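Engineer: Be aware that the sequence shown starts at 70, since it is given in the working numbering, and climbs by one per residue.
We put the CB at the ideal spot given by N, CA and C, even for glycine.
Given the structure is predicted, the values throughout are model-derived calculations rather than measurements.
One structure coming up, written as structure tokens, with questions to follow.
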Amino acid sequence: MAKDLYELGETPELGVVPRKMHAQVIRAERFGEPRDAFQREVIEVPEVGPHDVLVWVMAAGVNYNNVWAALGIPVDVIKARQRAGEKEAFHVGGSDASGVVWAVGSAVEGLAVGDQVVVHCGTWDLADPHVVAGKDPQLAASAKIWGYETNWGSFAQLARVQAHQCVPKPTHLSWEEAAAYMLVGATAYRMLHGWEGNTLQAGDPVLIWGGAGGLGVMAIQICKAAGALPVAVVSSDDKTDYCKKLGAVGVINRKAFNHWGMLPHWTDDAAYGEWLKGARAFGRAFWDALGDKRNPTIVFEHPGESTIPTSIFVCETGGMVVICAGTTGYNATLDLRYHWMRQKRFQGSHFANDAQSRGVNDLVTAGKVDPCLSRVFEFDETGACHQLMRENRHPHGNMAVLVNARERGRRSL
Ligand code: NAP
70 MAKDLYELGE
80 TPELGVVPRK
90 MHAQVIRAER
100 FGEPRDAFQR
110 EVIEVPEVGP
120 HDVLVWVMAA
130 GVNYNNVWAA
140 LGIPVDVIKA
150 RQRAGEKEAF
160 HVGGSDASGV
170 VWAVGSAVEG
180 LAVGDQVVVH
190 CGTWDLADPH
200 VVAGKDPQLA
210 ASAKIWGYET
220 NWGSFAQLAR
230 VQAHQCVPKP
240 THLSWEEAAA
250 YMLVGATAYR
260 MLHGWEGNTL
270 QAGDPVLIWG
280 GAGGLGVMAI
290 QICKAAGALP
300 VAVVSSDDKT
310 DYCKKLGAVG
320 VINRKAFNHW
330 GMLPHWTDDA
340 AYGEWLKGAR
350 AFGRAFWDAL
360 GDKRNPTIVF
370 EHPGESTIPT
380 SIFVCETGGM
390 VVICAGTTGY
400 NATLDLRYHW
410 MRQKRFQGSH
420 FANDAQSRGV
430 NDLVTAGKVD
440 PCLSRVFEFD
450 ETGACHQLMR
460 ENRHPHGNMA
470 VLVNARERGR
480 RSL
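What follows is the structure, given as structure tokens:
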């Protein structure tokens, strides 16, 4: 007979859904440092809508977005959902998962209980006229990131997802490896392959900030798979070999420069001149790392405020700076004279659609992109690993948390 609650490591019969589950929960009164904001609680298992599936989560990936959810900035995700009519006064985060389909909604086709899947975090209202019209659903007003903007993410025994979020789990990967790559991988895939007119081409020099970070390791490998020439930026020399092994043709240590931050005003000749010296020196460092006097045709951005002036300055004429975050701040400053005269593009990008998520999954399945799993945490260390990320003390690559998988290296239930 089905129990109300299963302990971690106890598995109900395939497809038997308990009433309650263990989850790592964030509440508004705990907003703050991730180590304290996440706490294990027992909560009700959510209901499944017609287009949803419940996934028995084997492992969950760790991303920056739940650092933000824990802090309650730049948005209070709980309050935002309550304003939209949801009743839950808590957040169950987690935007990456590997697991087993445990229940399917009445309208779901092409997925069955027992399927082993990786979950991508792009959700949208399937009835949104933009989506129905066949346009890119990531540009729909209803697009939301599962396990950040939506509830019922992967830091729980069962996660509720829309069926289209599921892709087949690459069979050569363990649960924790399979949970580690999708959010950053699909984001990087869209940034590099998704913007018509500036898509990645063989032979393109590409500048990748944070080359040893979650997004960076994916970007390097996606460039390599396309025959492009990735140059990575890092903050310590111990990351150099790591990036080169992944396919970087050269690596720049950003600590050798100090012109970071917002651009000085163009009328302040002295300060602007100093900044220009730094930006030019960085441009020369790019040529040295590439081994060729060519500028990047794509700059892969996410630090934001600190680095944007340089990114836009070094970008090739007609090239693109594509950005998905502002980790160091949100004020993007640029010298418009270079921007229009050299006809550069500054493109925002946010996660990915189904096709782009499948695009990176295919590269992983083919062994061309490694998940770069760094460290695996126990379920009750969910807060601790987000804390490491908050402090930029986390290891190179991508981290994962074991949820229902109780031992590392497993590939089956
Ligand atoms: P991560 O693993 O922490 O990597 C970020 C890298 O940025 C770090 O490894 C660090 O490398 C580098 N960095 C830190 N401070 C920097 C600075 N001041 N200047 C230049 N580089 C700096 O994080 P991630 O998973 O790659 O995510 C990065 C950001 O993207 C986060 O804000 C995340 O929320 C966002 N994101 C957005 C989307 C989206 O769809 N919009 C998707 C994924 C991630 P070094 O110290 O070695 O330089």
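1. Pick from Glu385, Ala271 and Asn430: whose alpha carbon is nearest that of Trp409?
2. Could you name the residues of the same chain whose beta carbon sits closer than 6 Å to that of Ala209, not counting the 5 residues immediately before and after it, in chain order?
3. Quick check: the Cα distance between Asn135 and Arg323, rounded to an integer number of angstroms?
4. Please return the same chain residues whose Cβ sits closer than 6 Å to the Cβ of Val187, not counting the five positions on each side in sequence.
5. Is it right to say Tyr258 is buried, meaning 16 or more other beta carbons lie within 10 angstroms of its own, or is it exposed?
6. Count the other C-beta atoms from every protein chain shown that fall within 10 angstroms of the C-beta of Val114, then say buried if there are 16 or more, exposed otherwise.
7. Helix, strand or coil for Ser380, going by three-state DSSP, please let me know.
8. Under a three-way DSSP split, which group does Thr396 fall into?
9. Quick one: grab the DSSP three-state call for Leu471.
10. Beta-carbon within less than 7 Å of Leu442's beta-carbon, same chain only, minus the 5 sequence neighbours each way: which residues are those?
11. Once you ignore the five residues that flank His120 on each side, which residues in its own chain have a CB closer than 7 Å to its CB?
12. Within the present structure, is the beta-carbon of Ser167 separated from the nearest heavy atom of the ligand NAP by less than 6 Å?
13. Cβ-heavy atom distance between Thr397 and the ligand NAP below 6 Å?
14. State the start and end residues of the unbroken alpha helix (DSSP H) segment that holds Trp125.
15. Taking the C-alpha atoms as reference points, what is the distance between Tyr133 and Glu110?
16. How far does the alpha helix (DSSP H) with Gly452 in it reach, from first residue to last?
17. By how many angstroms is the C-alpha of Leu457 removed from the C-alpha of Ile227?
18. Using a 10 Å radius around the Cβ and a threshold of 16 neighbouring Cβ atoms, would you call Gly183 buried or exposed?
19. Among the residues of its own chain, which have a CB less than 6 Å from the CB of Glu460, if the five just before and after it don't count?
20. If we count the other Cβ atoms within 10 Å of its Cβ and call it buried at 16 or more, is Glu370 buried or exposed?
21. Tell me whether the stretch 326 to 341 and the stretch 302 to 310 touch, counting them as touching only if at least three CB pairs, one residue from each stretch, are closer than 8 Å.
22. Look at Val169 and Gln151 and say whether their C-beta atoms are less than 7 Å apart.
23. Could you tell me whether any non-hydrogen atom of the ligand NAP is closer than 6 Å to the CB of Cys312?
24. In three-state terms, what does DSSP make of Lys362?
25. Going by the CB atoms, is the gap between Leu359 and Val274 shorter than 7 Å?
26. Can the beta-carbon of Phe448 be found less than 7 Å from the beta-carbon of Cys454?
27. Looking at the strands, I want to know which residues DSSP matches up with Cys235.
28. For the ligand NAP, I want to know if Pro372 counts as a neighbour, meaning its beta carbon is within less than 6 Å of at least one of the ligand's heavy atoms.
29. Expressed to the nearest angstrom, what Euclidean distance is found between the alpha-carbon atoms of Phe107 and Arg480?
30. Leu284 and Val320 - do their beta-carbons sit closer together than 7 Å?
31. Would Ser375 and Thr397 qualify as a contact pair, given that the criterion is a beta-carbon distance under 7 Å?
32. Could you give the residue range of the beta strand (DSSP E) that holds His419?
33. Kindly give me the distance between the Cβ atoms of Val368 and Trp264, rounded to whole angstroms, as I take these residues to be in contact under 8 Å.
34. By the DSSP assignment, the beta strand (DSSP E) with Ile95 in it spans what residues?
35. For the stretch 242 to 286, which segments carrying the beta strand (DSSP E) assignment without a break, of at least 3 residues, lie completely within its bounds, in sequence order?
Structural biologist: Here's the rundown:
1. Taking the first residue of the sequence shown as position 1, residue 409 is located at position 340. Answer by Cα proximity: Glu385.
2. Taking the sequence shown and counting its residues from 1, one reaches residue 209 at position 140. Counting only Cβ-Cβ distances below 6 Å, and skipping sequence neighbours, we find Trp193, Asp197, His199 and Val200.
3. One-based indexing of the sequence shown puts residue 135 at position 66. One-based indexing of the sequence shown puts residue 323 at position 254. Rounded to the nearest angstrom, the two C-alpha atoms are 27 Å apart.
4. Walking along the sequence shown from the start, residue 187 turns up at place 118. The answer, listed in chain order, is Ser167, Val236, Lys238, Ala247 and Met251.
5. Start at 1 with the first residue of the sequence shown, and residue 258 comes out as number 189. Answer is buried; the Cβ neighbour count reaches 16.
6. Taking the first residue of the sequence shown as position 1, residue 114 is located at position 45. Per the 10 Å Cβ criterion, buried.
7. Numbered from 1 along the sequence shown, position 311 holds the residue referred to as residue 380. In this structure, Ser380 counts as helix in the three-state DSSP scheme.
8. The count along the sequence shown starts at 1 and reaches residue 396 at position 327. Thr396: coil per DSSP, three-state reduction.
9. In the sequence shown, counting from the first residue as 1, residue 471 sits at position 402. Leu471 falls in the strand class under three-state DSSP.
10. Your numbering for residue 442 matches position 373 in the sequence shown. Only Glu245, Glu246, Ala249, Gly466, Asn467 and Ala469 meet the Cβ criterion.
11. In the sequence shown, residue 120 corresponds to position 51, counting from 1. The residues are Gly174, Ala176, Val177, Leu195, Gln231 and Ala232.
12. The count along the sequence shown starts at 1 and reaches residue 167 at position 98. No.
13. In the sequence shown, residue 397 corresponds to position 328, counting from 1. Yes, the ligand NAP has a heavy atom inside 6 Å of this Cβ.
14. In the sequence shown, counting from the first residue as 1, residue 125 sits at position 56. Looking at the DSSP string, Trp125 is not in any alpha helix (DSSP H); the run it does join, the beta strand (DSSP E), is Asp121 to Gly130.
15. Locating residue 133 in the sequence shown gives position 64, counting from the first residue. Locating residue 110 in the sequence shown gives position 41, counting from the first residue. Looking at the two C-alpha atoms, the distance is approximately 22 Å.
16. Residue mapping note: residue 452 aligns to position 383 of the sequence shown, counting from 1. Element bounds for Gly452: Thr451 to Arg459.
17. Residue mapping note: residue 227 aligns to position 158 of the sequence shown, counting from 1. Residue mapping note: residue 457 aligns to position 388 of the sequence shown, counting from 1. Contrary to the premise, residue 227 reads as Leu rather than Ile in this sequence. Using only the alpha carbons, I get a separation of about 25 Å.
18. Position 114 of the sequence shown, counted from the first residue, corresponds to residue 183. Gly183 should be labelled exposed.
19. For the purposes of this step, residue 460 is identified with residue 391 of the sequence shown, where counting begins at 1. Within the same chain, Glu460 has no close Cβ partners at all.
20. Translated into the one-based positions of the sequence shown, residue 370 becomes position 301. Flag for Glu370 reads buried.
21. no
22. Here residue 169 refers to the residue found at position 100 of the sequence shown. Here residue 151 refers to the residue found at position 82 of the sequence shown. Cβ atoms of Val169 and Gln151: not closer than 7 Å.
23. Within the sequence shown, numbered from 1, the residue matching residue 312 stands at position 243. For the ligand NAP, not one heavy atom lies less than 6 Å from the Cβ of Cys312.
24. Within the sequence shown, residue 362 is the residue found at index 293, counting from 1. It is coil, neither helix nor strand.
25. As a working note, residue 274 is residue 205 in the sequence shown. As a working note, residue 359 is residue 290 in the sequence shown. A small fix is needed here, since residue 274 is Pro in this sequence, not Val. Cβ distance < 7 Å, so Pro274 and Leu359 count as in contact.
26. The count along the sequence shown starts at 1 and reaches residue 448 at position 379. The count along the sequence shown starts at 1 and reaches residue 454 at position 385. Going by C-beta atoms, Phe448 is not nearer than 7 Å to Cys454.
27. Here residue 235 is taken as the residue at index 166 of the sequence shown, counted from 1. Bridge partners of Cys235: Val188.
28. The residue you call residue 372 lines up with position 303 of the sequence shown. Under cutoff, so the answer is yes.
29. Residue mapping note: residue 107 aligns to position 38 of the sequence shown, counting from 1. Residue mapping note: residue 480 aligns to position 411 of the sequence shown, counting from 1. Those two C-alpha atoms are separated by around 27 Å.
30. Within the sequence shown, numbered from 1, the residue matching residue 320 stands at position 251. Within the sequence shown, numbered from 1, the residue matching residue 284 stands at position 215. It is not a contact, given that the beta carbons lie outside the stated cut-off.
31. On the sequence shown, position 306 is the one that residue 375 refers to. On the sequence shown, position 328 is the one that residue 397 refers to. It is a contact, given that the beta carbons lie within the stated cut-off.
32. By 1-based counting over the sequence shown, the position of residue 419 is 350. Looking at the DSSP string, His419 is not in any beta strand (DSSP E), and its letter there is neither H nor E.
33. The sequence position of residue 368 within the sequence shown is 299, counting from 1. The sequence position of residue 264 within the sequence shown is 195, counting from 1. Going by Cβ atoms, the distance from Val368 to Trp264 rounds to 12 Å, so no, they are not a contact pair.
34. Residue numbering aside, residue 95 sits at position 26 when the sequence shown is read from its first letter. Here the beta strand (DSSP E) through Ile95 covers Lys89 to Ile95.
35. 274 to 277
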